[in-house]
Amino acid sequence: MKAPQISRRTLLLASAAGVLGIGVGVLTGQSARAEYIAESLPRLLPGVQIDPETYPAFEREALARTYRSIRIAAFASSIVGRPLASAAPAGKAALEEFDRIIVTTLLGGTDLATRADPTAGPLVFVGWPPACANPFQRSPLEA
Amino acid sequence: MTIVSADSVASGGYDMVVVGTGFGSLFFLHRAMNSRRRPKRVLMLERGRQNSHAWQIENGRNSDIDHWSTYDLSESVPKWNCTLGLGGGTNCWEGITPRMYRDVFRSRSLYGRGIDWPVGYDDLERYYCDAEDIMLVAGPGVEESPWPRSRPYPMPPHRLSSVDEALRRARPNEHFAMPTAILSQPHGARPSCCGSSYCTLCPTDAKFTALNSFETLFNDPDIDIVLGAEVRAFDIVGGAATRVRYVADGREHEAAGDLFVLGANAIHSPAILLRSGLDHPAIGRGMEIKVSLLAQVFLDGLEHFDGGTMHPSMNTALASGPQRREHGAMTIIVSNAWPHGARADFRRWREAFNASVTIETETLPENRITLGRDGRPRVIHRGAPPSAQASVEWAWSRLPEVFSALPVERIERQDVVLYENHLQGTLRMGADAATSAVDPDQILYDTRNIAVVGTSVMPSTGSVNPSLTGAALSLRAADRIFGGAS
Chain A
3 MKAPQISRRT LLLASAAGVL GIGVGVLTGQ SARAEYIAES LPRLLPGVQI
53 DPETYPAFER EALARTYRSI RIAAFASSIV GRPLASAAPA GKAALEEFDR
103 IIVTTLLGGT DLATRADPTA GPLVFVGWPP ACANPFQRSP LEA
Chain B
21 MTIVSADSVA SGGYDMVVVG TGFGSLFFLH RAMNSRRRPK RVLMLERGRQ
71 NSHAWQIENG RNSDIDHWST YDLSESVPKW NCTLGLGGGT NCWEGITPRM
121 YRDVFRSRSL YGRGIDWPVG YDDLERYYCD AEDIMLVAGP GVEESPWPRS
171 RPYPMPPHRL SSVDEALRRA RPNEHFAMPT AILSQPHGAR PSCCGSSYCT
221 LCPTDAKFTA LNSFETLFND PDIDIVLGAE VRAFDIVGGA ATRVRYVADG
271 REHEAAGDLF VLGANAIHSP AILLRSGLDH PAIGRGMEIK VSLLAQVFLD
321 GLEHFDGGTM HPSMNTALAS GPQRREHGAM TIIVSNAWPH GARADFRRWR
371 EAFNASVTIE TETLPENRIT LGRDGRPRVI HRGAPPSAQA SVEWAWSRLP
421 EVFSALPVER IERQDVVLYE NHLQGTLRMG ADAATSAVDP DQILYDTRNI
471 AVVGTSVMPS TGSVNPSLTG AALSLRAADR IFGGAS
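If you read the sequences in order, they're chains A and B.
For the first sequence, position 98 (counting from the first letter as 1) is numbered 100 according to my numbering, and the numbering increases by one without interruption.
For the second sequence, position 188 (counting from the first letter as 1) is numbered 208 according to my numbering, and the numbering increases by one without interruption.
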């Protein structure tokens with residue numbers, strides 16, 4: 003009896019599914035996302051430094067604000083790089099959302115929003131703001 | 021608060037028994053207790069418990085009850101949300117209080133589609149004003165309002181964002197400050213809005229809730245409140261309800277009454293009637309849904325997020341016009357929620373905003389509430405009807421024109437979502453007893469001493485948040501039954 007033949011296409015699909023499965027399993031880990039944050043900061047905030055002592059708290063907060071599609075996209079980015087990972091619309095949207103999370107975490111947790119020069123000295127992350135902080139809201143007394 | 025145990029409920033019965041403590045029930049009760057024929061003894065039955073504002077903030081939720089466990093959603097695409105607890109939806113709502121557009125009440129007559137309401141805008145106008153006064157709504161001046169008004173809002177409007185100001189300057193008849201039941205000025209012990217973008221759990225209690233505004237009802241010695249009371253059914257004899265049966269503390273109880281006011285919500289209210297043996301074909305039929313098209317607008321040089329609340333403005337450019345012959349009503353809402361709307365580009369964080377177009381869809385009778393084998397409500401809902409897609413595409417095609425007064429770089433389409441927080445329909449009002457559950461005074465056609473209150477009676481959704489209209493309808497219904505103010 004002849005053993006069933008597996009086509010090259012089926013093999014490739016199975017391999018891809020396997021890699022994807024492993025990826026989905028691994029993505030619950032934080033390393034890919036933490037790596038994405040570190041690599042993205044110079045692109046998103048050129049010349050801006052973050053106080054190394056408070057950086058871990060910033061990273062924790064940004065990671066906590068991510069969700070499933072972002073985790074998958076960040077993992078894909080760690081494997082194939084950001085340009086390829088954002089080639090598909092879903093990946094692009096997820097990574098852009100991750101970029102926004104990184105930036106808004108700093109806008110909310112540091113004085114970045116109100117600095118005249120964001121590059122003048124490191125940002126100190128003091129924690130995600132209490133619910134009442136909109137750094138851009140005008141005072142009622144302001145015209 | 022006059023909370024009593026189920027065991028101490030008066031055996032002699034009540035003038036009025038109220039089921040549920042959300043917008044519909046409490047505004048009805050408020051007006052009834054201030055009417056010429058004020059009921060002498062009232063029983064209020066609430067399935068949930070009292071979760072104070074402090075409790076809600078500390079626990080990050082509005083109720084200690086998992087509402088999803090109280091109904092079967094296995095055949096429903098939308099995963100409906102509600103709050104089971106004292107105050108009901110007044111706890112979790114976002115405080116947005118637009119009125120229904122005038123033409124929504126006459127959609128069928130004007131556009132040949134949709135449903136005509138048995139009451140019109142002019143019938144409701146003074147009740148809208150009364151409800152806005154009770155909620156201390158902040159809104160634009162009479163001349164700057166998108167609706168005809170007989171009285172000014174009780175509070176001045178919240179601050180518009182820079183984007184809103186540009187839109188309003190260009191088209192003052194289309195762009196307006198959003199009316200909200202969120203204080204724009206301190207009132208008593210409650211501070212004004214802090215612009216938090218967390219309105220479902222307002223951190224400062226600036227948002228109207230039953231807990232912060234209806235103390236007089238909760239402390240009224242003529243009103244007994246039983247918490248943790250799950251109403252099962254009414255006893256109906258000869259076309260009239262005689263008793264309500266409920267479970268509290270693991271045991272069955274009953275209470276007699278002359279008038280029963282049913283304001284559980286658009287899922288639980290019809291289920292209670294179905295469990296009571298009522299089989300009118302309109303009971304449970306036509307659960308409504310709105311859809312929302314989400315977009316992000318990227319700007320060149322104009323900054324946003326400096327508005328006063330989470331939703332500083334609304335735009336009516338797509339609300340009325342010849343397109344209404346093909347599409348439902350539409351409302352554009354500009355969001356001030358900066359963590360979700362800011363862009364990532366260096367130093368251009370504020371040059372963007374999120375906008376949503378809320379779209380009314382057609383109501384389909386197959387979307388309905390039935391009873392499961394365990395007696396729980398079973399929601400059967402297919403989600404947005406197929407016709408909604410054309411409306412979404414039309415709205416999307418119009419956005420460049422709507423925002424043409426702004427320095428728009430690009431508009432990105434994000435998503436289309438279902439409005440799962442607005443439970444509407446299922447006990448719709450109408451002048452025809454054969455096709456409607458309740459009459460224009462919100463009395464059940466089948467049982468003439470049960471009044472239905474809340475958004476379940478709305479014949480159509482319109483494109484705006486329904487709570488204010490639900491409250492205004494309740495004030496009107498109470499006036500019709502109790503003869504107006506004392």
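Glycine is no exception: its CB is placed at the ideal position from the N, C-alpha and C atoms.
This one's a predicted model, so the numbers in the text were calculated from it and none came from an experiment.
* Distance, Ser312 (chain B) Cα to Val437 (chain B) Cα -> In this structure, the straight-line span from the alpha carbon of Val437 (chain B) to that of Ser312 (chain B) is close to 5 Å.
* Could you tell me the distance, in whole angstroms, from the CA atom of Arg169 (chain B) to the CA atom of Pro176 (chain B)? => When rounded, the distance between both Cα atoms is 15 Å.
* Should Ser506 (chain B) be flagged as near chain A, meaning a C-beta pair shorter than 8 Å? -> Not an interface residue.
* To do: Report buried or exposed for Arg179 (chain B), applying the criterion of at least 16 other Cβ atoms within 10 angstroms of its Cβ.
  => Classification of Arg179 (chain B): buried, given that the 10 Å Cβ count is 16 or more.
* **Alpha-carbon spacing of Leu109 (chain A) relative to Arg35 (chain A), whole angstroms** => Rounded to whole angstroms, Leu109 (chain A) to Arg35 (chain A) spans 19 Å at the Cα level.
* Asked: Got a sec? Which residues, its chain only, sit under 8 Å from Pro420 (chain B) by beta carbon, not counting five neighbours each side?
  -> Contacts found: Val428, Ile431.
* **Helix, strand or coil at Phe138 (chain A) according to DSSP, with G and I counted as helix** => Here Phe138 (chain A) sits in coil by DSSP.
* Asked: From Pro406 (chain B) to Leu203 (chain B), what does the alpha carbon distance come to, in whole angstroms?
  -> Answer to the nearest angstrom: the Cα atoms are 40 Å apart.
* Asked: Helix, strand or coil: which one does DSSP assign to Phe127 (chain A)?
  -> Phe127 (chain A) carries a coil assignment under DSSP once its states are collapsed to helix, strand and coil.
* Among residues of its own chain, excluding the 5 on either side of Glu185 (chain B), which ones have a beta-carbon nearer than 7 Å to its beta-carbon? -> Contacts found: none.
* **Closest by C-alpha distance to Leu46 (chain A), when choosing among A:Gly129, A:Ala92, A:Leu114, A:Arg140** => For Leu46 (chain A), the closest C-alpha among the options A:Gly129, A:Ala92, A:Leu114, A:Arg140 is that of A:Leu114.
* Asked: Beta-carbon separation of Trp130 (chain A) and Thr107 (chain A) under 8 Å?
  -> It is a contact, given that the beta carbons lie within the stated cut-off.
* To do: List the whole-angstrom C-beta distance separating Asp244 (chain B) from Met64 (chain B), where the pair is believed to meet the contact cut-off of C-beta under 8 Å.
  => In this structure, Asp244 (chain B) and Met64 (chain B) form a Cβ contact; the two beta carbons are roughly 7 Å apart against a cut-off of 8 Å.
* **Test: Gln51 (chain A) CB closer than 8 Å to a CB of chain B** => Chain B contact via Cβ: absent.
* Of all the options B:Val24, B:Ser28, B:Asn54, which has the alpha carbon lying nearest to the alpha carbon of Leu495 (chain B)? -> Measuring from the Cα of Leu495 (chain B), the nearest candidate turns out to be B:Asn54.
* Give a yes or no on whether the minimum CB-CB distance between Arg179 (chain B) and chain A is below 8 Å. => Closer than 8 Å: yes.
* Asked: Closer than 7 Å: is that where the CB of Asp255 (chain B) sits relative to any heavy atom of the ligand SAH?
  -> No copy of the ligand SAH appears in this structure; indeed no ligand is present at all.
* Could you tell me the distance, in whole angstroms, from the CA atom of Thr30 (chain A) to the CA atom of Pro58 (chain A)? => With a pLDDT of 49 at Thr30 (chain A), under the threshold of 50, the predicted position of this residue should be treated as unreliable, though the coordinate-derived value follows. Rounded to whole angstroms, Thr30 (chain A) to Pro58 (chain A) spans 18 Å at the Cα level.
* **Alpha-carbon spacing of Ser289 (chain B) relative to Leu15 (chain A), whole angstroms** => Going from the Cα of Ser289 (chain B) to the Cα of Leu15 (chain A) covers about 51 Å.
* **Reduced DSSP secondary structure (H/G/I, E/B, other) of Gln316 (chain B)** => Three-state result, Gln316 (chain B): strand.
* To do: Please determine if the segment 72–79 of chain B and the segment 234–248 of chain B are in contact, where contact requires at least 3 C-beta pairs separated by less than 8 Å.
  => Segments in contact, no.
* Where Phe325 (chain B) meets chain A, residues with beta-carbon distance less than 9 Å -> Simply Asn136, Pro137, Phe138, Gln139.
* **Cβ-based neighbour list, Thr489 (chain B), same chain, cut-off 6 Å, excluding 5 preceding and 5 following** => These residues qualify, in order along the chain: Met120.
* To do: Report buried or exposed for Ala30 (chain B), applying the criterion of at least 16 other Cβ atoms within 10 angstroms of its Cβ.
  => Exposed is the call here.
* Compare the Cα-Cα distances from Pro137 (chain A) to each of B:Gly328, B:Arg402, B:Gly392 and report the closest residue. => Nearest C-alpha to Pro137 (chain A) among B:Gly328, B:Arg402, B:Gly392: B:Gly328.
* **Counted within 10 angstroms of its Cβ, other Cβ atoms place Ser487 (chain B) as buried (16 or more) or exposed** => Under this definition Ser487 (chain B) is a buried residue.
* Taking Ala415 (chain B) as part of the alpha helix (DSSP H), name the residues at either end of that continuous run. => Ala415 (chain B) -> alpha helix (DSSP H) spans 408–422.
* Asked: Along chain B, in chain order, which residues have C-beta atoms closer than 8 Å to that of Pro48 (chain A)?
  -> Within chain B, the residues near Pro48 (chain A) are Phe366.
* **Inside the segment 317–386 of chain B only - alpha helix (DSSP H) runs reaching at least 4 residues** => With a minimum length of 4 residues, the continuous alpha helix (DSSP H) runs that stay inside the segment 317–386 of chain B are 358–361.
* **Cβ contact (3+ pairs, closer than 8 Å) linking the segment 126–140 of chain B and the segment 79–99 of chain B** => Short answer: they don't touch.
* Asked: Going by other Cβ atoms of all chains shown within 10 Å of its Cβ, with 16 needed for buried, is Ser506 (chain B) buried or exposed?
  -> Exposed is the call here.
* Within-8 Å CB hit, Pro120 (chain A) to chain B -> Chain B, which has a Cβ nearer than 8 Å to the Cβ of Pro120 (chain A), makes this yes.
* Asked: So, are the CB atoms of Pro98 (chain B) and Glu440 (chain B) less than 8 Å apart?
  -> Their beta carbons are under 8 Å apart, which means Pro98 (chain B) touches Glu440 (chain B) by this criterion.
* Are Ile292 (chain B) and Val251 (chain B) closer than 8 Å when you measure CB to CB? -> Going by C-beta atoms, Ile292 (chain B) is nearer than 8 Å to Val251 (chain B).
* With Ile72 (chain A) and Phe60 (chain A) assumed to form a contact (beta carbons below 8 Å), what rounded beta-carbon distance in angstroms separates them? -> So it is not a contact: roughly 17 Å between Cβ atoms.
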